[in-house]
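Chains S and D, in that order, give the protein sequences.
All the letters of the first sequence, read from the start, carry residue numbers 1 to 344 under full-length UniProt numbering.
All the letters of the second sequence, read from the start, carry residue numbers 1 to 344 under full-length UniProt numbering.
Backbone N, C-alpha and C fix where the C-beta goes; we use that ideal spot for every residue, glycine too.
Protein chains: 2
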Amino acid sequence: MQNPRVLAALQERLDSVPHTPSSYIETLPKAVKRRINALKQLQVRCAHIEAKFYEEVHDLERKYAALYQPLFDKRREFITGDVEPTDAESEWHSENEEEEKLAGDMKNKVVITEKEAATAEEPNPKGIPEFWFTIFRNVDMLSELVQEYDEPILKHLQDIKVKFSDPGQPMSFVLEFHFEPNDYFTNSVLTKTYKMKSEPDKADPFSFEGPEIVDCDGCTIDWKKGKNVTVKTIKKKQKHKGRGTVRTITKQVPNESFFNFFNPLKASGDGESLDEDSEFTLASDFEIGHFFRERIVPRAVLYFTGEAIEDDDNFEEGEEGEEEELEGDEEGEDEDDAEINPKV
Amino acid sequence: MQNPRVLAALQERLDSVPHTPSSYIETLPKAVKRRINALKQLQVRCAHIEAKFYEEVHDLERKYAALYQPLFDKRREFITGDVEPTDAESEWHSENEEEEKLAGDMKNKVVITEKEAATAEEPNPKGIPEFWFTIFRNVDMLSELVQEYDEPILKHLQDIKVKFSDPGQPMSFVLEFHFEPNDYFTNSVLTKTYKMKSEPDKADPFSFEGPEIVDCDGCTIDWKKGKNVTVKTIKKKQKHKGRGTVRTITKQVPNESFFNFFNPLKASGDGESLDEDSEFTLASDFEIGHFFRERIVPRAVLYFTGEAIEDDDNFEEGEEGEEEELEGDEEGEDEDDAEINPKV
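The structure is reproduced here in C-alpha cells:
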C-alpha cells in the first residue's frame, strides 16, 4: 500500500464511484487538505461573527418589545374588562361575515332576529372570561401539563408578559404570569427566567445556529394553606420496630401540576451531568418557554380562537399534502393563496 | 331555537364537551366576540410592527455581510490558489486527529511513513480544485438540477457571493456566480436576483412570519458558439404540402440544465396567475435561492466536506430518533452534546 502509484490508482477509483463527502476528502492530496483546514479556521471566525449578529438581533427584539407593549397593555385591558373597546376598535370583517352578507336577504333577516333575541337575554360577562386558560386548553404542549385541579387556578391568569434582559446583561428573558387575587396563592406574578447563550461551542463551533436556551429559574409560589397543588399528602402506617405499635403518619410527596413549571430542574453548570430523563424534561421545559415567548405571547388571540393552531397544523402537514392535491384537482378553485414562498 | 333558554342550555352543553376552538368562539356572547375582534385589530397592528422589525434585521444582515466579506475573500483566494494559507492559518485539530494521537506510537509511525511516501509523489494542484462543483454534487437540491453536460462548466465556478440591496431600496438579494474564463460563455459573473417582501398580506395578515421571496430575475448568458447547454437542436423532416418534397430542418428546443436557473419564470405580478406546475417550479427556485443565501454561501466549506449535510440529516431525523436512543442506551458514552436546546 506504500506504492504511490497504487495509491493514486485507488484515489482515481474512489473518485469515479459515488462516495460520501468525507471519504472524498480523505482522497485529497495533503496540500489540498491543508487549504481545507484554513477554510475551516475561517468558518470558525464566521461563527463568532454570527454570534455577535444574534446579540444585535436580541437588542432589536428588546427595542421592538417596547413598541409592542402599548398594544399588549390594551389587549390586557380588553381581556380583563378594565376597558371596553370602542366601536371603531372592535370592527372586524371576517371571511365568513362576507359570505353571510352575500347570502340572500331572507336568510339575513332570520339571522338578525335570532341574534337580537339572543342579545336581549345574553349575559355580558366582564372582558373575555378565561382568555389565557382557554389558550392553555387549545395548545397541546400546555394542555398536557394541566391537571384538573390546576384549571380553577389558571382561570385567574390575567396576562403573560415577556421581559428581555437589559442591554449589556447576559442574554435572557423572563416570562411573567400575572394573576388576579385568588384563593390559591398570594403572589400576583409568577416568573420563569430563561438564560440564553449566543456563543459557538468550543468543541463543536460549526453546530452554532443562533442563541440557545441553556438554563432556567422558577420562583417560589406562596401557596395559601392547603392549596398547594404541587404536593399531595399521603398517609402511611408505620410500625415501631421495638414496641410493635402502629401509627399513621402523613407525608407530602410531589404531585403532577402545571405549577411545577415554576420549580424546574437546573441544567448542570458545574460539570455534573443530568440523567437522560432529566435532560428530556429540561429540553421540554425549554421548548415550552421558547413557545410562550415566540408564539403565544405575541399572538395570544390567535391561540385563543384557534387560528394559529390551524396554521401550525397546516404548516406541519406541509408540502406532501400539497403535492397530492396537485394531482387530484384539475382546476383549483381557490389556489392563489398556496404557500409557494419559503420564509426567509 | 329562538328560545334563549334553549340556546343557553345548548351553549352550556357545547361548553362542557371537548370542542374545536372555533366552535367554542361561536358560543360566546356577542359582547365577548366584540372584544375578541378588538384583540384581532391589535394583532394586525402587531403584524405591521413585526414587518418593521424584519426590515431592521435585514439592515443588520447587510451590516454583517460587510464583516463576513474579508473572510469570504480569503476563502476565495485559498480556493483559487491565488494565496497559500500560512502554517498558522491552516492549523486544525479534528476529533479524528486527537484519536489518532491517542493511538499507540507504533501505529503513528506507520501513518507518518505512509503520509511521507504519499507526499513525495503527491500532486499539488492549485488551490482546492472543483470546490464549488463538489458542493453542487454533495447537496441533493442542487445535484438534481445538474446534468452531465453542466459538470465541466460548473468546474469553472470560483465563487458565489450574496449581495444585499442598498438601504432604502426594496428588500432583495443577488446571488453572484463568479466563473473563471472558460470555453462556454463570456460572462465572468452570472446573477440571480431575489426580490423579497416584508409586509403582512392584506387579506391574511395573521399568516405573516417574516420576509418572503416574492419574485426573481436571472441574467443573459452569452454562450459561445455551439456551447449553449440550455437548448438542444433537433432535426425534423418536413414534407412540402403541394410538391410532396421532403426537407430536413433544424429547430432549437429547451434542454434541461442547471443553467436554466438563470432564466426563471416570472411570478405573476399583474393579476395573471401561474398554473400549478409553474407555481411549484417557482417555489422550488425560491427555496434554492434561499438555501444558497442562508446555508451554502455562509458555510461553503461544511457543504464541501459534508459536515453540514450530516448536520442537516441529523436535524431532520430529529426527536423521534433521539427518543429511541434514550430507550436503548443504558449509559450513553458521549451524550453530553445531545441537542436539548430549542434554537431561538
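Item	Value
For Ile234(S), the first and last residue of its enclosing beta strand (DSSP E)	231-239
Closer than 9 Å at the beta carbon, the chain D residues around Ile128(S)	Leu28, Val32, Arg35, Ile36, Leu39
Contact under 9 Å by Cβ, His40(D) with Trp92(S)	Reading off the sequence, residue 40(D) comes out as Lys, not His. In this structure, Trp92(S) lies closer than 9 Å to Lys40(D) by Cβ.
Residues, ordered as in the chain, of the segment 151-170 of chain D that lie near chain S by beta-carbon distance below 8 Å	none
Min CB distance Tyr149(D) to chain S below 9 Å	no
Beta-carbon spacing of Val229(S), Ile153(S) below 9 Å	yes
Best match in Val297(S), Gly306(S), Thr245(S), Lys195(S) for proximity to residue 345(S) [C-alpha to C-alpha]	Past the boundaries of the shown model lies residue 345(S); chain S is included only from 1 to 344, so the question cannot be answered.
Exposure of residue 347(D), with buried meaning 16 or more beta-carbon neighbours within 10 Å	Chain D is shown from 1 up to 344; residue 347(D) falls before or after that span and cannot be answered.
Exposed unless 16 or more other CB atoms sit within 10 angstroms - verdict on Ser16(D)	Note that Ser16(D) scores a pLDDT of 44, beneath 50, so its modelled location is shaky and nothing firm can be said.
Anticipated Cβ contact below 8 Å, Tyr194(S) with Gly289(S), distance rounded	5 Å
Residue-level contact to chain S via CB, Asn187(D), 9 Å cutoff	no
Supposed contact pair Phe286(D) and Cys216(D) - C-beta distance, whole angstroms, cut 8 Å	7 Å
Secondary structure of Met171(S), DSSP reduced to three states	coil
Cβ separation of Ile221(S) and Phe185(S), assumed to be a contact under 8 Å, to the nearest whole Å	5 Å
Pair within 9 Å by beta-carbon distance, residue 352(S) and Leu145(S)	Since the first residue shown for chain S is 1 and the last is 344, residue 352(S) is missing from the structure and cannot be characterised.
Bridge-paired residues (DSSP) for Val246(D)	Lys239(D)
Alpha carbon of His240(D) to alpha carbon of Leu190(D), nearest angstrom	43 Å
Status (buried if at least 16 other CB within 10 Å, exposed otherwise) for Glu180(S)	exposed
Candidates Asp204(S), Gly244(S), Leu67(S), of which the one nearest Lys52(D) by Cα	Leu67(S)
Sequence-distant residues of the same chain with beta carbon closer than 7 Å to Gln43(D), five excluded per side	Phe206
Phe179(S), DSSP secondary structure in three states	strand
Sheet register partners of residue 345(D) (DSSP bridge)	As displayed, chain D neither begins before 1 nor continues past 344, which places residue 345(D) out of reach and without an answer.
Residue burial classification, Arg243(D) (beta-carbon count within 10 angstroms, cutoff 16)	exposed
Cβ pair Lys235(S), Thr250(S) closer than 9 Å	yes
Assigned secondary structure, Trp223(S) (DSSP; H/G/I helix, E/B strand, else coil)	strand
Classification of Ser23(S) by the beta-carbon crowding that lies within 10 angstroms, buried from 16 upward	exposed
Neighbouring residues, chain S, relative to Cys46(D) (Cβ below 7 Å)	Tyr68, Leu71, Pro298
Beta-carbon neighbours of Ser90(S), restricted to chain D and to distances below 8 Å	Arg34, Arg35, Asn37, Ala38, Gln41
DSSP-derived helix/strand/coil call for Ala117(D)	At Ala117(D) the pLDDT is 45, less than 50, meaning the model places this residue with poor confidence; the figure from the coordinates comes in the next sentence. Correct three-state label for Ala117(D): helix.
Cut-off 6 Å between Cβ atoms - residues of its own chain near Glu212(D), not counting five sequence neighbours on either side	Lys197
Burial state of Val253(D) (16 or more Cβ within 10 Å)	exposed
Length of the line joining the Cα atoms of Tyr149(D) and Glu276(D)	29 Å
Proximity of Asp159(S) and Arg76(S) at Cβ, strictly below 9 Å	yes
Residues that DSSP places opposite Gln252(S) in a beta bridge	Thr233(S)
Beta strand (DSSP E) runs wholly inside the segment 39-89 of chain D, at least 3 long, in chain order	none
Which residues DSSP lists as bridging Ile213(S), in chain order	Met196(S)
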